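Enquirer: One structure, as structure tokens, below. Some questions next.
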Amino acid sequence: MLLGSVLVLLLFGGAGAASAHAALRATDPKDGTVLKSAPRDITLTFTESVGLLDDSFRVLDPDGKRLKVGDAGHGPDGSETARVSLPAKLAQGTYTVAWRVVSADSHPVSGAFTFSIGKPSPAIVVADTGPTENPATESLFNMGRYLAYLAAALLIGTAVFVTACRPPEPARLRRLLWAGWSTLLGSTVFLLVLRAPYESGAGPASAFSLKAFERTLTTRPGEALLVRLALLLVAYFFVVRLLRLGEERLPRVWQAAGVALAVGLALTWAAAEHASAGIQVPVAMTSAVLHVLAMSVWLGGLVALLSTLYRASSQLPAAVLARFSRLAFASVTVLVGTGVYQSWRGLGSWDAITGTTYGHLLVLKLLAVTLLLAAARLSRQWTGRLVTVAAEAEAETDAAETKTVAAEAGAESVVRQTVPAAVVREKVSTGVVREEVPTAVVGKKVPELVGGSPSAPEPAPVTPGPAAPAYRHGLRRSVLAEVAVGVVVLVLSTVLSGTLPGRSQAEAAEAGPATGGLPAATVTNVPFAVGGATGKVQITLDPGRTGDNSIQAIVYAADGGLATVPELRLSFTLPAKEIGPIDAGLKNRGGYWGTNDLTLPLAGDWRMKATIRVSDVDQISVTKTVRIVG
6 MLLGSVLVLL LFGGAGAASA HAALRATDPK DGTVLKSAPR DITLTFTESV
56 GLLDDSFRVL DPDGKRLKVG DAGHGPDGSE TARVSLPAKL AQGTYTVAWR
106 VVSADSHPVS GAFTFSIGKP SPAIVVADTG PTENPATESL FNMGRYLAYL
156 AAALLIGTAV FVTACRPPEP ARLRRLLWAG WSTLLGSTVF LLVLRAPYES
206 GAGPASAFSL KAFERTLTTR PGEALLVRLA LLLVAYFFVV RLLRLGEERL
256 PRVWQAAGVA LAVGLALTWA AAEHASAGIQ VPVAMTSAVL HVLAMSVWLG
306 GLVALLSTLY RASSQLPAAV LARFSRLAFA SVTVLVGTGV YQSWRGLGSW
356 DAITGTTYGH LLVLKLLAVT LLLAAARLSR QWTGRLVTVA AEAEAETDAA
406 ETKTVAAEAG AESVVRQTVP AAVVREKVST GVVREEVPTA VVGKKVPELV
456 GGSPSAPEPA PVTPGPAAPA YRHGLRRSVL AEVAVGVVVL VLSTVLSGTL
506 PGRSQAEAAE AGPATGGLPA ATVTNVPFAV GGATGKVQIT LDPGRTGDNS
556 IQAIVYAADG GLATVPELRL SFTLPAKEIG PIDAGLKNRG GYWGTNDLTL
606 PLAGDWRMKA TIRVSDVDQI SVTKTVRIVG
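To convert, note that position 308 of the sequence shown is 313 in our numbering; the numbers rise steadily by one, no gaps.
Below is the structure:
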């Protein structure tokens with residue numbers, strides 16, 4: 006049941022449109038400006054550091070011919086900029102710039118803008134920016150990311166559980182350890198191969214290009230994946246050593262090696278995501294590593310504990326439960342501290358909680374974490390009861406052993422009083438041979454009468470009592486609930502790592518150019534009928550001209566009332582110029598869907614494709630034509 010839920014989350018979680026990532030803060034020259042003389046280069050400034058591709062810039066002259074430009078590089082302001090040099094002599098007219106970069110969280114972003122020299126051209130040539138992400142490649146890549154997170158939690162958490170909690174049968178966790186190690190290894194290779202087509206927006210088949218793969222190995226995300234592979238190869242020997250443990254402790258040298266491997270694996274995520282860019286990078290990197298480790302120790306440890314509770318051949322000692330309870334409490338403390346810091350760093354303001362996708366996802370994660378903490382508290386209560394029952398049972402066992410020792414001591418006292426000093430063997434008529442013990446052996450075990458002489462009674466075994474099975478059953482259920490909710494938290498964390506932080510989105514919005522005196526907005530109604538749901542989407546495009554536009558999309562039910570849908574996507578294509586699709590990047594604003602960041606560089610009849618999803622499996626795409634004026 007749990008595995009099925011995870012697969013559903015992986016498949017449907019990766020099927021939607023990608024979230025926005027690095028946002029374009031400014032362009033030099035500015036979009037739509039008319040310059041007196043030709044610029045020497047083009048510079049783009051983003052809200053976070055970006056990686057460059059071989060084809061990051063494509064510049065078309067007024068006649069639609071592609072200019073030969075220099076190699077793309079970073080500007081003087083650092084990795085948050087992208088720059089390309091232009092030819093010395095440029096003709097008068099309008100130039101179109103199409104750009105594509107990779108954001109710090111390893112996701113590609115693209116767009117286009119125009120500028121003019123002397124005066125604008127009568128007709129603007131459109132550059133094809135290409136799709137931001139190929140749907141098939143995007144879904145496969147996101148599935149690999151989810152599996153990598155889950156596998157890391159399983160591998161690290163199980164290893165820590167075996168080392169720190171010392172369960173009585175560590176060999177029974179063999180499958181979990183190898184499943185975590187092999188899945189993380191396979192998903193890392195999978196991500197490394199798909200990295201090039203994911204960045205370029207190509208299909209999965211282009212993953213077999215040797216040139217593209219070589220370029221991937223020189224990028225920061227590619228290097229992080231290579232380091233992860235190397236660490237996993239070393240971790241193989243650690244897992245083998247861990248599985249040879251019996252009841253003894255793992256030597257300290259091996260413990261230190263395990264800690265180093267876990268920290269190194271966590272660093273491969275922090276180095277390729279939001280923590281490596283923006284404000285307070287050293288603190289953010291440290292916080293991200295601790296967050297990943299704490300999450301892995303808690304969630305992976307829960308899976309290991311659950312497996313041990315269900316598969317162990319004997320009752321799990323209370324000491325193991327107590328050790329994991331302390332370990333889980335420490336992990337929760339670290340998660341709360343690092344989570345608060347990362348939330349502050351990503352949001353930047355209270356308004357970002359309700360006004361950004363990052364804020365909405367963060368609220369969902371907070372609710373899931375609250376449920377997880379409630380389940381964890383219940384597990385700690387069951388653990389405390391089991392420890393108490395075990396302690397009482399141990400006390401009863403000690404008391405019984407004390408009584409047995411006292412009884413044996415009394416029997417020896419009787420022997421001292423009745424046995425003579427010499428050994429006399431006497432054969433009686435019944436055939437019983439009585440062996441009498443000399444006083445020299447007092448204090449040793451007294452032999453019984455051969456032939457059935459009565460001896461001291463054996464004490465009855467002490468059991469924990471009828472409450473223990475019920476407590477263990479309750480613990481199993483609460484741990485299972487923790488694991489289920491923990492998987493949801495992990496999936497939300499993965500989605501958050503690929504979403505534009507609210508702080509960056511606010512900075513991009515503040516830097517956006519103001520518009521005034523623009524023509525009236527265009528309104529388009531898009532009817533839909535799918536999965537038993539019917540209605541229409543009213544889409545307002547303001548101002549409906551080249552350059553920056555804002556979109557408001559309201560979903561109405563068949564009866565005319567407002568309706569809600571789990572997902573609404575818009576993309577724009579200009580077939581006459583073979584440009585697009587350009588994803589509008591709609592955000593759920595609570596009652597309507599909207600964005601202020603849509604840039605349409607050319608005038609013409611654009612095909613607006615609206616995709617409405619009404620359930621996990623039901624969605625429909627409807628295309629309408631909208632007129633964009635210059």
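Glycine included, each C-beta is placed from N, C-alpha and C at the ideal position.
Note that the structure is predicted; figures quoted are calculated from it, not measured.
Per DSSP, what kind of secondary structure is P209 in: helix, strand or coil?
Expert: As a position in the sequence shown, residue 209 is number 204, starting the count at 1. Three-state DSSP puts P209 in a helix.
Enquirer: By a C-beta neighbour count over all protein chains shown, 10 Å radius and 16 as the cutoff for buried, is F334 buried or exposed?
Expert: On the sequence shown, position 329 is the one that residue 334 refers to. Classification for F334: exposed.
Enquirer: Report buried or exposed for L91, applying the criterion of at least 16 other Cβ atoms within 10 angstroms of its Cβ.
Expert: If you number the sequence shown from 1, residue 91 lands on position 86. The residue is buried, with at least 16 neighbouring Cβ atoms inside 10 Å.
Enquirer: Going by DSSP, name the residue or residues bridged to N593.
Expert: Walking along the sequence shown from the start, residue 593 turns up at place 588. Answer is W598.
Enquirer: Contact defined as beta carbons within less than 8 Å: I believe W598 pairs with A558. What is the distance between those atoms, to the nearest angstrom?
Expert: For this step, residue 598 is matched to residue 593 along the sequence shown. For this step, residue 558 is matched to residue 553 along the sequence shown. With a Cβ gap of about 4 Å, W598 and A558 count as contacting.
Enquirer: Taking only the alpha-carbon atoms, compute the straight-line gap between V560 and G98 and give it to the nearest angstrom.
Expert: Residue 560 sits at position 555 when you count from the first residue of the sequence shown. Residue 98 sits at position 93 when you count from the first residue of the sequence shown. In a straight line, the C-alpha of V560 is about 42 Å away from that of G98.
Enquirer: Can you tell me where the alpha helix (DSSP H) with T221 in it begins and where it stops?
Expert: Taking the first residue of the sequence shown as 1, we reach residue 221 at position 216. 215-221 is the span of the alpha helix (DSSP H), which, as asked, contains T221.
Enquirer: Can you find at least 3 beta carbon pairs, one from the region 190-201 and one from the region 150-157, that sit closer than 8 Å?
Expert: Flag = yes, the region 190-201 and the region 150-157 touch.
Enquirer: Take T343 and list the residues in its own chain whose beta-carbon comes closer than 8 Å to its own, dropping the five residues that flank it on each side.
Expert: The count along the sequence shown starts at 1 and reaches residue 343 at position 338. Excluding residues within five positions, the ones whose Cβ falls inside 8 Å are S292, A293, L295, H296, A299.
Enquirer: Any idea if V13 is buried or exposed, counting beta-carbon neighbours within 10 angstroms, 16 or more meaning buried?
Expert: To locate residue 13, count along the sequence shown from 1; it is residue 8. Its pLDDT being 35, under 50, V13 is placed unreliably by the model, and the measurement read from it follows with that caveat. Exposed, since its Cβ has fewer than 16 Cβ neighbours within 10 Å.
Enquirer: Assess, as a yes-or-no matter, whether the region 44-52 is touched by the region 99-115 under the definition of 3 or more beta carbon pairs within less than 8 Å.
Expert: Yes, the region 99-115 touches the region 44-52.
Enquirer: Considering Q543, what are the terminal residues of the beta strand (DSSP E) in which it resides?
Expert: The sequence position of residue 543 within the sequence shown is 538, counting from 1. First-last of the beta strand (DSSP E) with Q543: 538-547.
Enquirer: Roughly how many angstroms separate the alpha carbons of A96 and L199, rounded to a whole number?
Expert: The count along the sequence shown starts at 1 and reaches residue 96 at position 91. The count along the sequence shown starts at 1 and reaches residue 199 at position 194. About 40 Å.
Enquirer: So, is E219 buried or exposed, given that buried needs 16 or more other C-beta atoms within 10 angstroms?
Expert: In the sequence shown, the residue the question calls residue 219 occupies position 214. Classification of E219: exposed, given that the 10 Å Cβ count is below 16.
Enquirer: If you check the beta carbons only, do R574 and L591 fall under 8 Å apart?
Expert: If you number the sequence shown from 1, residue 574 lands on position 569. If you number the sequence shown from 1, residue 591 lands on position 586. Yes, these two residues count as a Cβ contact at 8 Å.
Enquirer: Given S698, which residues of its chain have a CB within under 7 Å of its CB, disregarding the five upstream and five downstream residues?
Expert: Absent from the model: residue 698. The displayed extent of the chain is 6 to 635, so no value can be given.
Enquirer: Assess contact between the region 241-254 and the region 71-88, defined as three or more Cβ pairs (one per stretch) separated by less than 8 Å. Is contact present?
Expert: Segments in contact, no.
Enquirer: Determine which residues share a DSSP beta bridge with N554 and list them.
Expert: By 1-based counting over the sequence shown, the position of residue 554 is 549. For N554, which the question treats as bridged, DSSP gives the partners L603.
Enquirer: Confirm, please, whether the CB-CB distance from W259 to R638 is below 8 Å.
Expert: What the structure shows of the chain is the stretch from 6 to 635, and residue 638 is not part of that stretch, so it cannot be assessed.
Enquirer: Terminal residues of the continuous beta strand (DSSP E) containing E669?
Expert: For the chain, the structure presents residues 6 to 635; residue 669 sits outside this window and is missing.
Enquirer: Can F62 and V89 be called in contact, C-beta distance under 8 Å?
Expert: Position 57 of the sequence shown, counted from the first residue, corresponds to residue 62. Position 84 of the sequence shown, counted from the first residue, corresponds to residue 89. Result yes, Cβ atoms of F62 and V89 sit closer than 8 Å.
Enquirer: If you drop the 5 nearest sequence neighbours on each side, which residues of the same chain put their C-beta closer than 7 Å to that of P580?
Expert: As a first step, residue 580 must be located in the sequence shown, where it is residue number 575. Closer than 7 Å at Cβ, skipping near neighbours: R612.
Enquirer: Pick from S54, L65, D68: whose alpha carbon is nearest that of P81?
Expert: For the purposes of this step, residue 81 is taken as the residue at position 76 of the sequence shown. Measuring from the Cα of P81, the nearest candidate turns out to be S54.
Enquirer: Do you know offhand how far T569's Cα is from Q347's?
Expert: If you number the sequence shown from 1, residue 569 lands on position 564. If you number the sequence shown from 1, residue 347 lands on position 342. Going by the C-alpha atoms only, they are around 30 Å apart.
Enquirer: To the nearest angstrom, how far is the alpha carbon of L372 from that of V337?
Expert: Taking the first residue of the sequence shown as position 1, residue 372 is located at position 367. Taking the first residue of the sequence shown as position 1, residue 337 is located at position 332. Each residue's Cα considered, the two are about 15 Å apart.
Enquirer: Got a sec? Which residues, its chain only, sit under 7 Å from R179 by beta carbon, not counting five neighbours each side?
Expert: In the sequence shown, residue 179 corresponds to position 174, counting from 1. For R179, where only same-chain residues beyond five positions count, the Cβ hits under 7 Å are L248.
Enquirer: By the 10 Å Cβ neighbour count, where 16 or more other Cβ atoms means buried, how is K216 classified, buried or exposed?
Expert: As a working note, residue 216 is residue 211 in the sequence shown. So K216 counts as exposed.
Enquirer: What number of angstroms, rounded off, separates the C-alpha of V531 from the C-alpha of T630?
Expert: Sequence index remark: in the sequence shown, residue 531 carries index 526 (1-based). Sequence index remark: in the sequence shown, residue 630 carries index 625 (1-based). Cα to Cα, the separation comes out at about 11 Å.
Enquirer: According to the Cβ coordinates, are T273 and G208 closer than 8 Å?
Expert: On the sequence shown, position 268 is the one that residue 273 refers to. On the sequence shown, position 203 is the one that residue 208 refers to. Not a contact, by the Cβ cut-off of 8 Å.
Enquirer: Between A562 and G536, which are expected to be in contact by the criterion C-beta below 8 Å, what is the C-beta distance as a whole number of angstroms?
Expert: Here residue 562 is taken as the residue at index 557 of the sequence shown, counted from 1. Here residue 536 is taken as the residue at index 531 of the sequence shown, counted from 1. Not really, about 13 Å apart at Cβ, beyond 8 Å.
Enquirer: Specify the secondary structure class of K94 as computed by DSSP and reduced to three states.
Expert: The residue given as residue 94 occupies position 89 in the sequence shown. Three-state result, K94: coil.
Enquirer: Consult DSSP for G305 and reduce its assignment to one of helix, strand or coil.
Expert: For this step, residue 305 is matched to residue 300 along the sequence shown. Correct three-state label for G305: helix.
Enquirer: Residues in the same chain with beta-carbon distance under 8 Å from P2, minus the five sequence neighbours each way, listed in chain order, please.
Expert: Lying before the first or after the last residue shown, residue 2 is absent from the chain, which here runs from 6 to 635.
Enquirer: Among L314, N147, S301, which has the Cα closest to the Cα of Y203?
Expert: In the sequence shown, counting from the first residue as 1, residue 203 sits at position 198. Among L314, N147, S301, the Cα nearest to that of Y203 is on N147.
Enquirer: Among residues of its own chain, excluding the 5 on either side of S301, which ones have a beta-carbon nearer than 7 Å to its beta-carbon?
Expert: Within the sequence shown, numbered from 1, the residue matching residue 301 stands at position 296. Same-chain partners within the cutoff: A157, A158, I161, G162.
Enquirer: Using the Cβ count rule (16 or more neighbours within 10 Å means buried), how would you classify G585?
Expert: Position 580 of the sequence shown, counted from the first residue, corresponds to residue 585. Buried: at least 16 other Cβ atoms inside 10 Å.
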